[in-house]
Amino acid sequence: MAARLALACLAGLASLPASALDLHEAWELLQAQGPTYRAAVHERDAGVENRAIGRAGLLPQLSASASRSRVNGTREEKNFIGNTVESDLDYDAEAYIARLRQPLYNRQKFAEYRQGKQRADYSEAVFDAKTQQVAVSLAGRYFDVLLTRETIDLATAKLKAFEQQVAAAQRRFDLGDGTITDVDQATARRDLAQAELIEAQDNQAVALRLLQEILGQVPENLATLRQEFPTPALQPASLPEWLSQAKANNPSLRAQQFNHGVAEEEVNRAKSGHWPTVDLVLGYTDSDSDSVSTIDQQNRYASAGVELNMPLYAGGGVSARVRQAVASREQAGEELNATREEVLSATTREFRGVQSGETRIRALERAVISSERAQDSARKSFLAGSSTNLDILNAEEQVYIARRDLLEAKLRYLQARLQLAAAVGLLGEDDIRQANAYLGPALVLNN
Numbered sequence: 071m072a073a074r075l076a077l078a079c080l081a082g083l084a085s086l087p088a089s090a091l092d093l094h095e096a097w098e099l100l101q102a103q104g105p106t107y108r109a110a111v112h113e114r115d116a117g118v119e120n121r122a123i124g125r126a127g128l129l130p131q132l133s134a135s136a137s138r139s140r141v142n143g144t145r146e147e148k149n150f151i152g153n154t155v156e157s158d159l160d161y162d163a164e165a166y167i168a169r170l171r172q173p174l175y176n177r178q179k180f181a182e183y184r185q186g187k188q189r190a191d192y193s194e195a196v197f198d199a200k201t202q203q204v205a206v207s208l209a210g211r212y213f214d215v216l217l218t219r220e221t222i223d224l225a226t227a228k229l230k231a232f233e234q235q236v237a238a239a240q241r242r243f244d245l246g247d248g249t250i251t252d253v254d255q256a257t258a259r260r261d262l263a264q265a266e267l268i269e270a271q272d273n274q275a276v277a278l279r280l281l282q283e284i285l286g287q288v289p290e291n292l293a294t295l296r297q298e299f300p301t302p303a304l305q306p307a308s309l310p311e312w313l314s315q316a317k318a319n320n321p322s323l324r325a326q327q328f329n330h331g332v333a334e335e336e337v338n339r340a341k342s343g344h345w346p347t348v349d350l351v352l353g354y355t356d357s358d359s360d361s362v363s364t365i366d367q368q369n370r371y372a373s374a375g376v377e378l379n380m381p382l383y384a385g386g387g388v389s390a391r392v393r394q395a396v397a398s399r400e401q402a403g404e405e406l407n408a409t410r411e412e413v414l415s416a417t418t419r420e421f422r423g424v425q426s427g428e429t430r431i432r433a434l435e436r437a438v439i440s441s442e443r444a445q446d447s448a449r450k451s452f453l454a455g456s457s458t459n460l461d462i463l464n465a466e467e468q469v470y471i472a473r474r475d476l477l478e479a480k481l482r483y484l485q486a487r488l489q490l491a492a493a494v495g496l497l498g499e500d501d502i503r504q505a506n507a508y509l510g511p512a513l514v515l516n517n
């Protein structure tokens with residue numbers, strides 16, 4: 071798409087210092103050792119085995135048994151004249167049996183086979199959803215660290231500027247050119263800036279810990295935003311097209327569809343309790359003195375037959391299981407509807423977030439320029455005697471607010487693009503790379 075090509079062209083800009091971890095490298099690191107992602111991988115691997123488990127019920131079941139026993143005792147029997155004759159029993163008995171059973175008609179096994187495929191597809195869809203969720207979460211935590219680090223830098227610069235204002239106001243007061251009000255106002259702003267710096271440092275410590283939680287380690291340096299920040303238009307440009315993609319591709323929605331399919335097959339499985347089963351049974355037996363009536367005899371024989379089992383009455387349990395399965399199917403259907411609405415709402419929110427984000431970024435870029443111009447004008451007006459010390463403090467405060475808001479808007483824009491791609495089920499490696507193309511300069515983290 072044109073938008074993706076426009077974003078990818080940023081990759082050719084200034085190269086990233088080797089010591090700084092960028093978003094794409096963080097994603098690769100998460101896939102290699104992130105505990106949340108690795109747990110999802112194992113969950114997926116376990117779930118896909120349901121396909122083989124369901125198929126196994128339709129395949130031949132082969133079993134073998136062997137036994138060996140020692141018989142020691144006596145046997146009493148009547149002879150032809152009615153007298154009791156006693157004989158000793160002392161022998162070994164051996165038996166080897168092999169049996170093969172192949173279902174010919176079994177509605178329950180067929181339902182379990184279809185369930186196995188649905189469960190495997192469900193596991194893969196859940197894994198896709200979790201993969202995209204963890205990618206979005208990684209980007210959010212990465213951007214939070216950037217924001218808190220930059221907030222510390224801005225707060226430090228603001229504190230330094232206000233300290234200079236306090237010193238200047240105090241000098242003017244000592245020389246008789248200023249007022250105690252100017253000193254108090256500058257001191258109050260300095261103290262507030264000090265409190266904001268402490269809060270920013272606390273926020274960074276928390277943000278770094280959350281990044282470490284998802285990555286398995288915390289980096290010393292991160293790549294931060296470049297100065298260039300293009301905001302290409304979304305492709306497609308209309309919300310209905312994004313909603314259509316979400317309904318077709320969102321992995322959470324697909325997972326719920328498969329879950330509803332599993333519930334539907336559970337109804338069929340429960341109903342199969344009313345139906346007969348037909349199995350082909352093949353057997354082979356090799357025994358020696360298999361019982362007291364066959365002492366010192368050997369038996370070798372094969373058998374083949376068809377076995378029919380017809381359920382007649384199970385105390386009402388089958389009917390109860392059918393009603394239970396039907397209720398669960400209806401529950402799964404309503405959960406599917408709820409998930410569909412949530413997906414469409416999320417897609418709408420992120421679509422609007424990307425569109426408004428572009429406008430907000432451009433407005434804040436202008437706000438930074440105008441705030442810096444207002445700050446310079448306030449200083450000149452103060453020297454000319456047409457503005458007060460409070461005007462300078464307000465102008466400086468506004469500059470730092472505008473700069474932080476601009477940084478936050480840029481990070482929120484990148485996050486919204488990733489979340490929009492995830493909402494429609496298309497977030498992948500290329501989206502990570504496109505967001506990563508906005509990063510470049512190394513930002514040192516003070517852990």
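In the numbering used here, the protein residues as written are 71 to 517. Ideal placement from N, C-alpha and C gives every residue a C-beta, glycine not left out.
In the structure shown, what three-state DSSP assignment does T343 receive?
Translated into positions along the sequence shown, residue 343 becomes position 273. It is worth fixing the name first, because residue 343 is Gly in this sequence and not Thr. If DSSP states are grouped into helix, strand and coil, G343 belongs with the helices.
Between the alpha carbons of S342 and R169, how many angstroms are there, rounded?
Against the sequence shown, residue 342 aligns to sequence position 272. Against the sequence shown, residue 169 aligns to sequence position 99. Cα to Cα, the separation comes out at about 25 Å.
Quick one: Cα of I167 to Cα of N149, how far?
Position 97 of the sequence shown, counted from the start, is the residue given in the question as residue 167. Position 79 of the sequence shown, counted from the start, is the residue given in the question as residue 149. Their backbone Cα atoms lie some 34 Å apart in a straight line.
Terminal residues of the continuous alpha helix (DSSP H) containing E194?
Translated into positions along the sequence shown, residue 194 becomes position 124. From DSSP, the alpha helix (DSSP H) with E194 extends over 177-245.
Tell me which residues share the same chain as P321 and place their Cβ nearer than 7 Å to its Cβ, disregarding the 5 neighbours each side in the sequence.
Reading the sequence shown from its first residue, position 251 is the one you call residue 321. Cβ neighbours of P321 beyond the five flanking positions: A195, D198, A199, Q202, G495.
T418 and L497 - do their beta-carbons sit closer together than 9 Å?
Counting from 1 along the sequence shown, the entry for residue 497 is found at position 427. Counting from 1 along the sequence shown, the entry for residue 418 is found at position 348. Not a contact, by the Cβ cut-off of 9 Å.
Please classify N400: does DSSP put it in a helix, a strand, or coil?
The residue given as residue 400 occupies position 330 in the sequence shown. It is Glu, not Asn, that sits at residue 400 in the sequence shown. E400: helix per DSSP, three-state reduction.
How many Å lie between A395 and L217 at the Cα?
As a working mapping, residue 395 is identified with position 325 in the sequence shown. As a working mapping, residue 217 is identified with position 147 in the sequence shown. Taking the straight line from one Cα to the other gives about 50 Å.
Under 8 Å: does the beta carbon of P130 sit that close to some heavy atom of the ligand GTP?
This structure does not include the ligand GTP; it has no bound ligands of any sort.
Give me whichever residues DSSP pairs with I167 in a beta bridge.
Within the sequence shown, residue 167 is the residue found at index 97, counting from 1. For I167, which the question treats as bridged, DSSP gives the partners S135, T355.
Does DSSP classify L281 as helix, strand or coil?
Taking the first residue of the sequence shown as position 1, residue 281 is located at position 211. Helix.
Could you tell me the alpha carbon to alpha carbon distance between L77 and A277, rounded to whole angstroms?
Here the question's residue 77 lines up with position 7 in the sequence shown. Here the question's residue 277 lines up with position 207 in the sequence shown. Because L77 carries a pLDDT of 42, less than 50, the predicted location of this residue cannot be relied on, and no value is offered for it.
Around the Cβ of G186, are there at least 16 other Cβ atoms within 10 angstroms (buried) or fewer (exposed)?
The residue given as residue 186 occupies position 116 in the sequence shown. Buried.
In angstroms with no decimal places, state the Cα-to-Cα distance between P289 and L460.
Looking up residue 289 in the sequence shown gives position 219. Looking up residue 460 in the sequence shown gives position 390. The straight-line gap from Cα to Cα measures roughly 41 Å.
Leaving out five residues before and five after N379 in sequence, what residues of the same chain have Cβ atoms less than 7 Å from its Cβ?
For the purposes of this step, residue 379 is taken as the residue at position 309 of the sequence shown. Cβ neighbours of N379 beyond the five flanking positions: P346, T347.
Only counting the same chain, and skipping five residues up and downstream in sequence, which positions put a Cβ closer than 7 Å to that of G387?
Taking the first residue of the sequence shown as position 1, residue 387 is located at position 317. For G387, where only same-chain residues beyond five positions count, there are no Cβ hits under 7 Å.
Residues in its own chain within less than 8 Å of A437 by CB, not counting five upstream and five downstream?
Taking the first residue of the sequence shown as 1, we reach residue 437 at position 367. Correct list, in chain order: A472, D475, L476.
With H, G and I counted as helix, E and B as strand and the rest as coil, what does DSSP make of A303?
Within the sequence shown, numbered from 1, the residue matching residue 303 stands at position 233. Three-state DSSP puts A303 in coil, outside helix and strand.
Between the region 267-274 and the region 245-257, can you find at least three pairs of beta-carbon atoms closer than 8 Å?
With a cut-off of 8 Å, the region 267-274 and the region 245-257 do not count as touching, because too few Cβ pairs lie within range.
With DSSP as the reference, identify every bridge partner of L350, one or two as the case may be.
Walking along the sequence shown from the start, residue 350 turns up at place 280. Per DSSP, Q172, V376.
Cutting at 6 Å between CB atoms, please list the residues of its own chain near P511, excluding the five before and the five after it.
Position 441 of the sequence shown holds residue 511. Within the same chain, P511 has close Cβ partners T294.
Helix, strand or coil for A507? Go by DSSP, reduced to three states.
Here residue 507 refers to the residue found at position 437 when the sequence shown is read from its first residue. Note: A507 maps to coil in three-state DSSP.
Contact check, D162 vs R140 under 8 Å by CB: the rounded distance?
Residue numbering aside, residue 162 sits at position 92 when the sequence shown is read from its first letter. Residue numbering aside, residue 140 sits at position 70 when the sequence shown is read from its first letter. At roughly 6 Å, the Cβ-Cβ gap stays under 8 Å, so D162 and R140 are in contact.
Out of A165, A238, P300, L414, state which residue places its alpha-carbon closest to the alpha-carbon of Q489.
As a working note, residue 489 is residue 419 in the sequence shown. Here the closest residue by C-alpha is L414.
Give me whichever residues DSSP pairs with V141 in a beta bridge.
One-based indexing of the sequence shown puts residue 141 at position 71. V141 pairs with Y161.
I'd like to know if the region 91-102 and the region 204-221 are in contact, where contact means that at least 3 CB-CB pairs between them fall below 8 Å.
Flag = yes, the region 91-102 and the region 204-221 touch.
Smallest Cα separation from F328: which of Q234, L406, R211?
Locating residue 328 in the sequence shown gives position 258, counting from the first residue. Measuring from the Cα of F328, the nearest candidate turns out to be L406.
Would you kindly report the start and end of the unbroken beta strand (DSSP E) that includes A293?
Your numbering for residue 293 matches position 223 in the sequence shown. Looking at the DSSP string, the run of the beta strand (DSSP E) that includes A293 is 291-295.
Near S357, which residues of its chain fall below 6 Å by C-beta distance, leaving aside the five closest residues on each side in sequence?
Walking along the sequence shown from the start, residue 357 turns up at place 287. Same-chain partners within the cutoff: A165, N369.
Taking the C-alpha atoms as reference points, what is the distance between L350 and Y175?
Residue 350 sits at position 280 when you count from the first residue of the sequence shown. Residue 175 sits at position 105 when you count from the first residue of the sequence shown. So the two alpha carbons sit approximately 10 Å from each other.
What is the DSSP secondary structure of T155, counted as helix, strand or coil?
For the purposes of this step, residue 155 is taken as the residue at position 85 of the sequence shown. Before going on, a small fix: residue 155 reads as Val here, not Thr. In the structure shown, V155 sits in a strand (DSSP, three-state: E or B).
Residues in the same chain with beta-carbon distance under 7 Å from D92, minus the five sequence neighbours each way, listed in chain order, please.
Locating residue 92 in the sequence shown gives position 22, counting from the first residue. Cβ neighbours of D92 beyond the five flanking positions: L86, A293, N506, L509.
Give the DSSP-derived three-state secondary structure of N320 in the structure shown.
For the purposes of this step, residue 320 is taken as residue 250 along the sequence shown, with counting starting at 1. Correct three-state label for N320: coil.
In chain order, what residues of the same chain lie with their CB nearer than 7 Å to the CB of T106, ignoring the 5 residues before and after it?
Indexing the sequence shown from 1 puts residue 106 at position 36. Hits under 7 Å: V204, I284.
In chain order, what residues of the same chain have a beta carbon less than 7 Å from the beta carbon of T226, not counting five sequence neighbours either side?
Mapped onto the sequence shown, residue 226 falls at position 156. Excluding positions up to five away in sequence, the list reads L267.
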